[in-house]
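Comments concern the structure below.
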Amino acid sequence: MPTYEYQCQACGTFTMLRPMDQRHEPCQCPYCGGAGGGLQLSAPALNCLSSSQRQAIATNERSAHAPQTVAEYQQRRHPKGCGCCAPNKPVVPSKANPLGLKSKTGPRPWMISH
1 MPTYEYQCQA CGTFTMLRPM DQRHEPCQCP YCGGAGGGLQ LSAPALNCLS
51 SSQRQAIATN ERSAHAPQTV AEYQQRRHPK GCGCCAPNKP VVPSKANPLG
101 LKSKTGPRPW MISH
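Quick look at the structure:
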């Protein structure tokens, strides 16, 4: 549900989550309980967002109405050695890695690195 701004005569502006078909109906002010005014239209605050946030919003909007097809997914380029394009080769035990671990544990093997 989208968020809409309404104008109360006593309290000022307040926002409400409402279904789109009820956006023009007056609603009760959450602060004073009085009958809220009509819908107040304002521009979205997209100029306050960083470019990465705007790109994420655009990606989410696209995936909502036009998700990626199997053909589009198969045409996508993956980085070398990704797990979905080729089977992973098992790590062979060697003198430097006698247990055949995928990563070096270091002096404290019980510690989890971040």
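FYI, the UniProt record's numbering numbers position 2 of the sequence shown as 2, with every residue one higher than the one before it. Here a beta-carbon is modelled for each residue, glycine too, at the ideal position from N, C-alpha and C.
Beta-bridge partners assigned by DSSP to Q40: E5. Residue state for T69 is assigned as coil, using DSSP reduced to three classes. For M16, the uninterrupted beta strand (DSSP E) run begins and ends at G12 to L17, by DSSP. Only residues of its own chain outside the window of five on either side were considered, and among them F14 and M16 have a CB closer than 8 Å to the CB of P30, listed in chain order. Rounded to the nearest angstrom, the Cβ distance from C8 to G34 is 6 Å, consistent with a contact under 8 Å. By the neighbour-count criterion, in which a residue is buried when 16 or more other Cβ atoms sit within 10 angstroms of its Cβ, Y73 is exposed.
Under the three-state reduction of DSSP, A96 is assigned to coil, being neither helix nor strand.
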